[in-house]
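Its first residue numbered 4, the sequence shown is counted upward by one per residue in the working numbering.
From the three backbone atoms N, C-alpha and C, an ideal C-beta is built for every residue, glycine too.
Since this is a predicted model, take the numbers as computed values, not measurements.
Read through the structure below, which is laid out as structure tokens, and then see the notes.
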Amino acid sequence: MSTDSPTVFVVEDDAEMCESFAALFTSQGLAVETFSSGEEFLTHYDSSRPGCIVADFRLQGINGIDLHRLLAEMECTLPVVLISGYLTVRSAVAAVRQGIYRILEKPYHEDDLLSAVQDAVEENRKSRENESHRRDFVHRLRSLDARERLTLDMIVAGQGNRAIECRLGLSTRTVDRIRSSILEKTGCMSFVELSVAYGAAQAAGRTTMPSHAAGSADACADHGAGEESVECLCAGLLRVQAVLLNEGDIGEDCRPLLRDAESALSKALGRSRAVKSC
């Protein structure tokens with residue numbers, strides 16, 4: 004069976020239980036691989052393979068909950084179905100909070116186990132599909148040039164064409180052309196769709212791109228035109244305004260953004276003065 008097909012990865016130190024699980028899941032057309040310990044599974048783990056994990060809580064070595072924790076630290080997205088007859092209520096609550104997909108208490112009905120596994124496989128399929136869409140969207144975002152990124156920032160912030168025209172010193176026709184280019188490059192039909200996709204990518208932490216402020220400063224240094232200098236200034240100002248608006252008190256995690264803005268402003272002003280003196 005193709006590695007693109009979902010696989011149920013069984014982590015169980017009881018050989019008879021492994022055989023039982025394998026027979027049950029293969030009867031439903033699912034591929035199965037078994038591992039006698041969490042350590043063995045971690046050794047063979049391949050993040051590119053879809054499916055889910057069925058793990059016993061009590062294992063030789065690391066237990067099922069610790070296995071899930073280690074996988075989470077590795078950014079593994081495989082849902083974990085945990086099976087146990089020994090979990091306390093406190094441990095079960097902790098496992099759910101940690102992100103265990105589902106817990107089945109022994110003795111369980113085979114139909115319940117199959118249902119949990121099928122749900123987990125479908126959850127993983129949707130998760131991988133969404134992640135693929137997000138990666139494609141972020142790749143498209145990276146194709147935007149400095150001026151398009153600035154315009155997108157302002158649109159997402161709720162600013163209309165008139166504000167963009169005034170802020171960037173552009174004509175209505177130029178702003179309309181930039182807006183059309185943004186939609187074409189991102190593959191979106193409207194800015195409502197684009198804003199939703201952008202928000203989803205942000206929530207997943209996938210919108211890491213070169214700093215808009217720094218990117219515009221680089222554009223200014225490369226092209227040396229007055230309009231690019233204006234973009235640099237706007238980039239820095241937008242950065243500062245966004246941080247002040249969204250964060251209120253500026254924390255340590257926001258200071259790099261401010262440094263980017265300050266650097267961009269410094270480069271823009273220096274370049275602008277140099278051009279004027281020529």
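Item, Value
"Buried versus exposed call for Ser87 [16 or more other C-beta atoms within 10 Å across all chains shown]", "buried"
"Integer-rounded CB distance, given that Arg137 should sit under 8 Å from Ala203", "7 Å"
"Neighbourhood of Met3 by C-beta, 8 Å cutoff - its chain only, sequence neighbours within 5 removed", "Shown here, the chain extends from 4 to 281; a query on residue 3 therefore has no answer."
"Distance, Gly190 Cα to Val1 Cα", "The requested residue 1 is not part of the displayed model; the chain covers only 4 to 281."
"Test item: CB-CB of Phe38 and Val120 under 8 Å", "no"
"Cβ-Cβ distance between Leu81 and Asn127 below 8 Å", "yes"
"contact_flag[the region 106 to 124, the region 47 to 65] where n(CB pairs < 8 Å) is 3 or more", "yes"
"Euclidean distance between Cα positions of Ser184 and Arg176", "12 Å"
"Distance CB(Ile68)-CB(Gln101) smaller than 8 Å", "yes"
"Identified DSSP bridge partners for Glu108", "Ser87"
"Phe44 and Val35 closer than 8 Å at C-beta", "no"
"Beta bridge counterpart(s) of Glu36 as assigned by DSSP", "Phe12"
"Burial state of Tyr201, where buried means 16 or more other Cβ atoms lie within 10 Å", "buried"
"Asp114 (DSSP reduced to helix, strand or coil)", "helix"
"CB-CB length for Ala98 against Ile106, believed under 8 Å", "6 Å"
"Within 8 Å, strictly: CB atoms of Ile293 and Glu151", "Limits of the chain in this structure are 4 at one end and 281 at the other, which puts residue 293 out of reach."
"Exposed unless 16 or more other CB atoms sit within 10 angstroms - verdict on Asp161", "According to the sequence as given, residue 161 is Gly; it is not Asp. Exposed, by the Cβ-count rule."
"Sub-8 Å separation of Leu147 and Lys109 beta-carbons", "no"
"Test: Asp139 CB closer than 8 Å to a CB of chain B", "Here there is only one protein chain, and chain B is not present."
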